[in-house]
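See structure below.
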Amino acid sequence: MADYLVIVESPAKAKTIERYLGKKYKVKASMGHVRDLPKSQIGVNVEENFEPKYITIRGKGSVLKELKTAAKKAKKVFLAADPDREGEAIAWHLAHSLDLDVHSDCRVVFNEITKDAIKESFKSPRSINMDLVDAQQARRILDRLVGYKISPILWKKVKKGLSAGRVQSVAVRLIIDREKEINDFVPEEYWSIDSQFLKGQKEFDASFYGIGGEKRELKSEADVKSILNEIKGNTFHVDKVTKKERKRNPAVPFTTSTLQQEAARKLNFRAKKTMMIAQQLYEGIELGKDGTVGLITYMRTDSTRISETAQVEAASYIEDKFGKEFHGAQAKSAKKNTNAQDAHEAIRPTSTLREPASLKTFLSRDQLRLYKLIWERFVASQMASAILDTMSVDLSNNGVIFRATGSKVKFPGFMKVYVEGNDDQTEEKDRMLPDLEEGDEVFSKDIEPTQHFTQPPPRYTEARLVKTLEELGIGRPSTYAPTLDTIQKRGYVSLDNKRFIPTELGEIVAELIMEFFPEIINVEFTANMEQNLDKVEEGNIEWKKIIDNFYKDFLPRLEKAENEMEKIEIKDEPAGIDCEECGHPMVYKMGRYGKFMACSNFPDCRNTKPIVKDIGVECPSCKDGSIVERKSKKRRIFYGCSNYPECEFLSWDKPVARSCPKCNQMLVEKKLKKGVQVQCVECDYKEEQQK
């Protein structure tokens with residue numbers, strides 16, 4: 001038997017660590033938490049100073065028995081759960097279950113699963129940090145009190161299966177508030193005037209700026225006409241040329257939040273998927289003769305700090321690969337977020353030398369894409385700033401001024417490796433103007449006035465919502481993905497074109513919580529609670545005091561809600577068709593995977609049907625059915641025949657209601673990064689891409 005037992009959460013992690021530690025160590029996995037509050041009851045004694053009642057999680061008995069047997073045979077037991085509050089709590093629960101002294105040096109933590117990091121961490125084990133444990137306990141018990149006290153009221157007054165939570169309720173409120181902003185938005189008219197200009201044979205674009213040196217807004221067609229009436233002929237004079245050199249700095253390495261945002265923008269990953277794949281990369285991937293290797297540092301972090309060792313390795317790589325001028329003069333780190341715990345490093349590759357291309361044969365497509373994103377972001381963060389040459393030119397005709405701007409990359413710096421994405425999906429391109437000097441003449445070609453209307457604020461994408469929650473101090477790195485997942489599963493919000501829309505159910509629940517539990521849905525209250533939890537972690541406040549302060553106000557609200565909340569009947573929306581089995585009307589219901597159709601004669605008739613949308617295209621397979629839009633269990637849209645299961649035609653791309661002019665086969669709309677392109681499924685026929 002090995003001398004030492006090391007307990008981690010996952011088997012993948014255990015396999016990697018055991019290889020690094022050698023024969024004297026046996027590494028086993030607890031498979032996450034072994035103890036928790038019971039599911040069948042609240043598990044918190046509010047009469048006895050909020051004492052929690054922990055039990056062994058169902059199904060973990062055999063795991064715990066195996067760990068106890070191994071612990072008795074080992075000289076020493078080390079608890080090596082993740083380096084955060086949750087990991088510290090897992091270690092504490094394990095210590096209690098295995099009768100270990102929490103004050104002994106039984107705890108080891110590491111930010112990356114590499115040989116050096118693992119060996120170094122075992123040189124300096126420490127005792128379990130009870131402040132971290134208490135912060136996790138406080139969050140768990142707060143969430144339990146809110147969830148297990150409010151949810152039964154919602155079940156009784158609205159419908160079964162509903163839930164309430166501190167962070168999820170605020171997230172739903174943000175989505176509802178944004179929808180209200182959009183509905184209340186009153187568009188305002190404005191105009192722009194654009195023109196192409198010629199300097200010799202070279203063309204460039206410019207837009208109306210103002211009159212007589214002053215900027216002028218165009219609010220109506222009358223404003224436009226008055227400007228056009230002022231322009232005499234098509235000759236413009238170059239009044240002013242401004243040339244500048246602009247520096248663009250690289251983005252800092254990823255935190256959990258920024259990784260989720262960028263993976264959504266660039267890879268089209270949901271937050272849940274991003275975290276799942278990041279966990280795999282952190283715990284270790286089999287790399288042939290190198291064995292299992294942890295490829296990235298710990299992925300739940302709000303810090304942008306980078307270790308000196310990583311900076312030195314990155315500097316060496318950048319100078320060898322691109323040249324000394326491409327290495328940043330100093331390590332880049334962002335101004336620390338006031339809400340950041342800064343417990344460990346930013347998310348980065350465990351070795352800069354492990355280029356994404358070298359891992360292609362070992363990683364799945366999605367693993368490689370996420371690793372490449374993390375690797376490029378980190379390398380770029382250590383590179384020199386980009387330098388751009390910018391040029392601004394004012395052109396005048398009878399006092400009417402048009403302005404043209406252009407820029408060109410003079411030195412690419414970090415842009416050689418990576419450029420941060422944005423929510424508007426626009427890219428910065430080189431757009432240099434011809435050589436122009438003050439006094440030059442240029443000629444306008446087509447002067448085009450265009451009417452515009454101001455647009456309402458956009459609905460939240462997952463990336464925007466995560467960013468907003470972080471800015472408001474709501475939740476912490478580990479909470480974003482499960483929060484977004486929960487509000488969708490409960491049917492409080494739905495996704496339309498990757499943007500959140502509140503459902504009627506979501507609005508009803510949010511309104512009730514706002515009326516009876518305003519603090520739960522209050523942004524400032526929830527942010528302050530997060531700060532209090534941070535104070536617990538820092539050892540500045542006792543965790544039970546926070547719970548007590550909260551519960552004093554919460555209890556009377558519960559009693560009021562129980563007595564005064566009116567019962568709300570959510571009527572099923574008619575689907576407009578009858579059940580083919582019993583003839584009763586079909587209605588729309590909300591299920592785990594979104595809306596579906598069900599017979600109104602339930603439970604006597606249990607007929608259900610998915611909601612399908614006919615796109616008006618004949619099925620190319622059976623020629624008898626029509627193509628309908630469906631949704632998979634993961635909410636991904638696909639297209640199939642209305643005669644399914646008799647006809648099994650399936651396409652992830654949307655079929656088009658015409659045939660290929662070259663081979664007469666089916667055409668589909670292929671979604672590309674910047675738009676949609678119609679392509680043939682058989683031959684090489686393609687049509688011009690549309691935005």
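Per the UniProt record's numbering, residue 1 is the first one in the sequence shown, and the count goes up by one each step. Glycine included, each C-beta is placed from N, C-alpha and C at the ideal position.
Output the distance between the C-alpha atoms of residue i and residue j, rounded to the nearest integer angstrom.
i, j, result
"ALA331", "GLN382", "For ALA331, the pLDDT reaches just 48, beneath the cut-off of 50, and the residue's location in the model is therefore unreliable, leaving the point undetermined."
"ILE211", "TYR190", "17 Å"
"LYS225", "GLU214", "18 Å"
"PHE596", "THR608", "7 Å"
"GLU566", "TYR4", "60 Å"
"ILE546", "TYR317", "49 Å"
"LYS53", "LYS149", "16 Å"
"ASN643", "ASN268", "31 Å"
"GLU493", "PRO482", "Sequence check: residue 493 is Val here, not Glu. The straight-line gap from Cα to Cα measures roughly 14 Å."
"PHE78", "ILE17", "12 Å"
"ASN601", "MET514", "34 Å"
"VAL628", "ASN398", "59 Å"
"residue 695", "GLU9", "In the structure as shown, the chain begins at 1 and stops at 691. Residue 695 is therefore absent and cannot be evaluated."
"ILE7", "ASP116", "19 Å"
"PRO253", "VAL293", "21 Å"
"ALA598", "CYS605", "9 Å"
"GLN425", "LYS60", "In this predicted model, GLN425 has a pLDDT of only 48, less than 50, meaning its place in the structure is not dependable; the value taken from the coordinates is given anyway. Those two C-alpha atoms are separated by around 46 Å."
"TYR298", "THR255", "10 Å"
"PRO11", "ASN129", "24 Å"
"LYS654", "LEU495", "19 Å"
"GLY491", "ILE568", "16 Å"
"LEU512", "LYS560", "12 Å"
"LEU555", "LEU100", "37 Å"
"ASN563", "LYS156", "12 Å"
Could you work out which residue in the options is closest to residue i when comparing CA atoms only?
i, options, result
"PRO83", "GLU283, ILE193, GLY328, GLU511", "GLU283"
"PHE517", "GLU48, VAL466, LEU145, GLY413", "LEU145"
"GLY323", "PHE411, LEU132, ILE285", "PHE411"
"ILE626", "ASN45, ARG636, GLU646", "Residue identity check: residue 626 is Ser in the sequence provided, not Ile. The shortest C-alpha separation from SER626 is found at GLU646."
"HIS327", "VAL379, GLY59, LEU100, HIS33", "VAL379"
"VAL312", "LEU353, ILE118, TYR418", "LEU353"
"GLY161", "ALA171, ASP36, ARG658, GLY147", "GLY147"
"LEU94", "TRP543, LYS28, ILE118", "LYS28"
"VAL409", "SER385, GLU420, PHE402", "SER385"
"ILE577", "VAL44, TYR685, VAL587", "VAL587"
"VAL417", "LYS119, ARG377, ARG173", "ARG377"
"GLU438", "VAL238, ALA271, TRP652, ASN49", "VAL238"
Given that a residue counts as buried once 16 or more other Cβ atoms are within 10 Å of its Cβ, and exposed if not, what is residue i?
i, result
"THR235", "exposed"
"SER169", "buried"
"ILE306", "buried"
"ASN111", "buried"
"GLU217", "exposed"
"THR242", "exposed"
"ILE175", "buried"
"GLU88", "buried"
"LEU154", "buried"
"ALA314", "buried"
"PHE453", "exposed"
"CYS683", "exposed"
"LYS202", "exposed"
"GLU471", "exposed"
"ALA340", "Residue confidence for ALA340 is low, a pLDDT of 46 falling below 50, so the modelled location carries little weight; the figure read from the coordinates is stated next. When all chains shown are included, ALA340 counts as buried."
"GLU537", "buried"
"ILE113", "buried"
"TRP92", "buried"
"PRO250", "buried"
Bridge partners for residue i per DSSP, in chain order?
i, result
"TYR639", "GLU629, SER651"
"ARG431", "SER407"
"TYR4", "TYR25, LYS76"
"HIS327", "MET383"
"GLY675", "LEU672"
"MET130", "Looking at the DSSP assignment, MET130 forms no beta bridge with any residue, so it has no partner."
"THR292", "GLU286"
"TRP191", "GLN451"
"ASN397", "VAL400"
With respect to 7 Å, is the separation between the Cβ of residue i and the closest non-hydrogen atom of the ligand NAP below this value?
i, result
"ARG248", "This structure simply doesn't include the ligand NAP, nor any ligand for that matter."
*Three or more beta-carbon pairs under 8 Å between the segment 495 to 506 and the segment 459 to 472, yes or no?*
Between the segment 495 to 506 and the segment 459 to 472, the count of Cβ pairs shorter than 8 Å is three or higher; the stretches touch.
*Inspect the CB distances between the segment 522 to 541 and the segment 114 to 125 and report whether three or more fall short of 8 Å.*
In this structure the segment 522 to 541 does not touch the segment 114 to 125; the number of beta carbon pairs closer than 8 Å is below three.
_When you compare the segment 467 to 477 with the segment 249 to 265, are there three or more beta-carbon pairs, one atom per stretch, that lie closer than 8 Å?_
A contact between stretches requires three or more CB pairs, one per stretch, nearer than 8 Å, and the segment 467 to 477 meets this requirement with the segment 249 to 265.
*Count the C-beta pairs between the segment 269 to 282 and the segment 365 to 374 that are closer than 8 Å, then say yes if the count reaches three, no if not.*
Between the segment 269 to 282 and the segment 365 to 374 there are three or more inter-stretch CB-CB distances shorter than 8 Å, so the stretches are counted as touching.
*Would you check if there are 3 or more beta carbon pairs closer than 8 Å linking the segment 441 to 448 to the segment 190 to 200?*
Yes: at least three Cβ pairs fall under 8 Å.
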